[in-house]
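Visitor: If you scroll down you'll find the structure; I have some questions about it.
Number of protein chains: 2
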Amino acid sequence: MTITQLKYVLAVAENQNFTKAAEKTFVTQPTLSMQIQKLEDELDILIFDRSKKPIELTDIGSKIVTQARNIVNEANRIADIVDQQKGFIGGEFKLGVIPTVMPTLLPMFLRNFINKYPKVKLKIEELPTETIIERLEEGHLDAAIAATPLQLENIKERPLYYEPFVAYIPENHSLHNIQKITVADLDLNDMLLLEDGHCFRDGVVNLCKTNRNYEDETFSLESGSFETLVRLANEGLGMTLLPYLHTLDIKDTEKKYLHHFKEPAPAREVSLLYHKSELKMQIIEALRSTIAGVVKGAITFQNVEIISPLPQKSK
Amino acid sequence: MTITQLKYVLAVAENQNFTKAAEKTFVTQPTLSMQIQKLEDELDILIFDRSKKPIELTDIGSKIVTQARNIVNEANRIADIVDQQKGFIGGEFKLGVIPTVMPTLLPMFLRNFINKYPKVKLKIEELPTETIIERLEEGHLDAAIAATPLQLENIKERPLYYEPFVAYIPENHSLHNIQKITVADLDLNDMLLLEDGHCFRDGVVNLCKTNRNYEDETFSLESGSFETLVRLANEGLGMTLLPYLHTLDIKDTEKKYLHHFKEPAPAREVSLLYHKSELKMQIIEALRSTIAGVVKGAITFQNVEIISPLPQKSK
DNA sequence: ACGACCGATTGATTTTTCTTATAAAAAATG
DNA sequence: CATTTTTTATAAGAAAAATCAATCGGTCGT
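Quick mapping for you: the protein sequence lines, in order, are chains A and B. When you number the first sequence by my numbering, it's gap-free, plus one each residue, and the end is 362. When you number the second sequence by my numbering, it's gap-free, plus one each residue, and the end is 362.
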């Protein structure tokens, strides 16, 4: 058994396809076929059920894949140990960021980070929370920034900041005259929401749900950007909620429509996520401290009530 | 980097010698030299300081060795997973047993075990606790039976039974007329002890120490077997303490010299030890349940006070 | 200084891995 | 239902690697 064979197994398991896995691992398909067969012969078991299309793991196969991921992770850690010893902070680092954090947080720390750690080749991808979790678990992301708490078995969370929800209430709206609003004022049916898949949307739904205003009807007005939501609100189609950092970009003429919540304001917790194996921990720590540094001046809300970003299973 | 290279590194680190490590790994010495050099080149560090005699690990080298042991353990677990899936309990299994447990416990369960699990090739070695710990940590033993608690970072303990100490007091001894003796009656200076290195000896010393009878003088009478101790006692050279199971072998004519302690009697805890990685756990569990089965009828003391088997550091 | 010991080096040999080309089987297409 | 496409397996040769026997060169102890 070799580490290479284990990597091949992982690639095939993830792609459910020898040919695609071969491309990903930069070898030809027969190489994969042969090496995996060799491993199966050595262990005297079948890892893959090739009769199914697409290919599937056998029972024992999925156990082996779990352990293989373990072994490959531990093997990668050798390079980490060497880097740490050398004081080297560099190499490719893949960071995932959720869409509602990306445009506000990234500009705040990115320049700082690449100046301070020029050897790190940062690859940043905007991804929904769901994809972030998958990729972290499969080791295709080194870290991610997302709303928490997620409380996942294999993923550690390190809070970066708490970002309050801020209401945007247009002129003719019934709540317009209330200065400091409360959760009780909210009505989900009157709320302009991001389209499905955004965890901020789920956060808003959870927030309103706690107020029991929720009715299980379909919302016809949904959008992918806060800018659109604000415009729709201006058109009198309802109010909306924005994360605090997004309110800094609002036009001066529209700032008057922003209403902060009474403390403790509902807020989302934004955290740095990484796999529990703590691979590339030096870079993760460098990232965390860089972000913590810039965030310290810009966003320091503490007296908040954290709203879960998880969609609730509606039965 | 390959698993083979890591195994070679471990072998050289353990033997502090390329030539010996080569024998252990069944390859020639140049193979080790080259593969280890290759790994050092790849990582661009030195694992071994070859200028020292015997060879030593560098700082980074010892970190790599720790991680390499990890990886190799995790790699071995693949075979475990496969065995478990197949319901196969077999293969070589190395068990260490301390000398004062070996002759009494082994005959009780060995026949049972090899009947029940004929495919397990049990290799049993009588070893002092110290060696057992080393070998468990380096993975050269799969499990061991020894007196506990040891409370070691990398080794798990699973108690098998509690074995009370029993006093053997010859006719002319001052305590001879006391039926149920107590710890307070003991005087270490009057005690015949096993030679150094036996944890049972340390247990007895600890027991007496708690009574503050300890004086830091050298004991001139020490032996490697309980049989000798009993004979010396018969000659009037003092009393001695025996583990309960050993008293079952005492001649009928000498049984009258056995004195049990008042409850809670001092006792040693005898446990099954194994590495925290829990490799070959199926066999370990098979062993544990077999021993638990035979022990259940023979030795069921519960109201006991456990005496530490660890030698106390005398400053 | 001499021999014993020990790790590194060399060059031949074997083993392993990988690739190209192709077969075989299954799935998708018309 | 035949044909094309997709996908995995197999075969054979090329490339890479691991291993070995023999030997070198340095260090240590006597």
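In this text, a Cβ means the ideal position worked out from N, Cα and C, and glycines have one as well.
Name the chain A residues that come within less than 8 Å of I92(B), Cβ to Cβ?
Guide: Residues of chain A passing the Cβ test: V129, Q132, K133.
Visitor: For a minimum of 4 consecutive residues, which ranges assigned as the alpha helix (DSSP H) are wholly contained in the stretch 230-315 of chain A?
Guide: Listed in chain order, the complete alpha helix (DSSP H) runs (minimum 4 residues) inside the stretch 230-315 of chain A are 246-256, 273-281, 291-294.
Visitor: What do you get for P313(B), buried or exposed, if any count of 16 or more other CB atoms within 10 angstroms of its CB means buried?
Guide: Classification of P313(B): buried, given that the 10 Å Cβ count is 16 or more.
Visitor: Going along the chain, which residues of its own chain have a beta-carbon closer than 6 Å to the beta-carbon of L276(A), five neighbours each way excluded?
Guide: Correct list, in chain order: L239, S270, T287.
Visitor: Our contact map puts A194(B) next to P358(B) with C-beta atoms below 8 Å; I'd like the distance itself, whole angstroms only.
Guide: A194(B) to P358(B), Cβ: 12 Å. No contact.
Visitor: Residue range of the beta strand (DSSP E) that R205(B) falls in?
Guide: Its beta strand (DSSP E) spans residues 202-215.
Visitor: Identify the continuous beta strand (DSSP E) that holds I192(A) and give its terminal residues.
Guide: Here the beta strand (DSSP E) through I192(A) covers 190-195.
Visitor: Counting contacts by CB-CB distance shorter than 9 Å, is A126(A) in contact with chain B?
Guide: Yes, A126(A) counts as interfacial toward chain B.
Visitor: List in chain order: all unbroken beta strand (DSSP E) runs of 3+ residues lying wholly within the stretch 114-172 of chain A.
Guide: Whole beta strand (DSSP E) segments, 3+ residues: 138-144.
Visitor: Using alpha carbons as the reference points, say which of P211(A), T151(A), N159(A) lies closest to T229(A).
Guide: The shortest Cα separation from T229(A) among P211(A), T151(A), N159(A) belongs to P211(A).
Visitor: Opposite E332(A) in the DSSP bridges: which residues?
Guide: Answer by DSSP bridge pairing: none, since E332(A) is not bridged.
Visitor: Among H220(A), A214(A), L153(A), H223(A), which residue has its Cα nearest to the Cα of I192(A)?
Guide: The candidate whose alpha carbon is nearest that of I192(A) is L153(A).
Visitor: Can you name, in chain order, every residue of its own chain whose Cβ lies under 8 Å from the Cβ of P311(B), other than the five neighbours on each side?
Guide: Contacts found: N350, V351, E352.
Visitor: Taking only the alpha-carbon atoms, compute the straight-line gap between Y261(A) and A231(A) and give it to the nearest angstrom.
Guide: At Y261(A) the pLDDT is 49, less than 50, meaning the model places this residue with poor confidence; the figure from the coordinates comes in the next sentence. So the two alpha carbons sit approximately 12 Å from each other.
Visitor: Where K203(A) and E185(A) are concerned, what is the direct C-alpha to C-alpha distance, given to the nearest angstrom?
Guide: C-alpha separation (whole angstroms): 14 Å.
Visitor: What number of angstroms, rounded off, separates the C-alpha of L174(A) from the C-alpha of S336(A)?
Guide: Each residue's alpha carbon lies about 23 Å from the other.
Visitor: Considering just the uninterrupted stretch of the beta strand (DSSP E) at E218(B), what are its terminal residues?
Guide: Note, E218(B): premise wrong, no beta strand (DSSP E); not H, not E.
Visitor: When you compare the CB of T51(B) with every CB in chain A, is at least one pair closer than 9 Å?
Guide: Yes - at least one Cβ of chain A is within 9 Å of the one on T51(B).
Visitor: With distances taken Cα to Cα, identify the nearest neighbour of L36(A) among G250(A), K256(A), D299(A).
Guide: Because chain A spans 48 through 362 in this model, residue 36(A) falls outside it and cannot be assessed.
Visitor: What does DSSP give as the partner residues of E352(A) in its beta bridges?
Guide: DSSP output for E352(A) lists P313(A) as bridge partner(s).
Visitor: In the DSSP assignment, what are the bridge partners of S318(B)?
Guide: Its beta-bridge partners are A193(B), P206(B).
Visitor: Taking all protein chains shown into account, do 16 or more other C-beta atoms lie within 10 angstroms of the C-beta of R367(B), making it buried, or fewer, making it exposed?
Guide: This structure does not reach residue 367(B), given that chain B is present from 48 up to 362, and the question cannot be answered.
Visitor: Taking the straight line between their C-alpha atoms, what separation do you get for F95(B) and L104(B)?
Guide: One C-alpha to the other measures close to 4 Å.
Visitor: Could you give the first and the last residue of the continuous alpha helix (DSSP H) run that contains S80(B)?
Guide: From DSSP, the alpha helix (DSSP H) with S80(B) extends over 76-90.
Visitor: Mind checking who I228(A) pairs with in its DSSP beta bridge?
Guide: Per DSSP, F308(A).
Visitor: In the structure shown, what three-state DSSP assignment does F95(A) receive?
Guide: Residue state, collapsed to three classes: strand.
Visitor: Is there at least one Cβ from chain A nearer than 9 Å to Y261(B)'s Cβ?
Guide: With a pLDDT of only 49 at Y261(B), under the threshold of 50, the placement of this residue in the model should not be trusted; the figure read from the coordinates follows. No, Y261(B) does not count as interfacial toward chain A.
Visitor: Could you name the residues of the stretch 327-338 of chain B whose beta carbon sits closer than 7 Å to any beta carbon of chain A, in the order they occur along the chain?
Guide: Cβ contacts with chain A come from no residue of the stretch 327-338 of chain B.
Visitor: Note down the Cα distance separating K309(B) from A214(B), rounded to an integer number of angstroms.
Guide: For K309(B) and A214(B), the distance between alpha carbons rounds to 11 Å.
Visitor: Can you confirm whether the stretch 164-178 of chain B touches the stretch 290-307 of chain B when touching is taken to mean that 3 or more C-beta pairs between the two stretches lie within less than 8 Å?
Guide: The stretch 290-307 of chain B, when compared against the stretch 164-178 of chain B, does not touch it at the 8 Å Cβ threshold.
Visitor: Short of 6 Å in beta carbon distance, which residues of its chain neighbour K302(B), apart from the five on each side in sequence? Order them along the chain.
Guide: None.
Visitor: Have a look at R259(A) and E177(A) and give me their C-alpha separation to the nearest angstrom.
Guide: Unreliable positioning characterises R259(A) in this predicted model, as indicated by a pLDDT of 49, which lies under 50. A coordinate reading is not provided.
Visitor: Rounded to the nearest angstrom, what separates A280(A) and I216(A) at their Cα positions?
Guide: Approximately 7 Å, taken between the alpha carbons.
Visitor: From the DSSP secondary-structure annotation, give me the bridge partner or partners of L104(B).
Guide: Paired residue(s): F95(B).
Visitor: Any beta carbon from chain A within less than 9 Å of T265(B)'s own beta carbon?
Guide: Confidence at T265(B) is low in this model, with a pLDDT of 48, below 50, so its placement is unreliable and the value that follows should be read with caution. For T265(B), the answer is no, since every Cβ of chain A falls outside 9 Å of its Cβ.
Visitor: With three or more C-beta pairs closer than 8 Å as the rule, is the stretch 321-332 of chain B touching the stretch 126-139 of chain B?
Guide: Contact holds: three or more Cβ-Cβ distances are below 8 Å.
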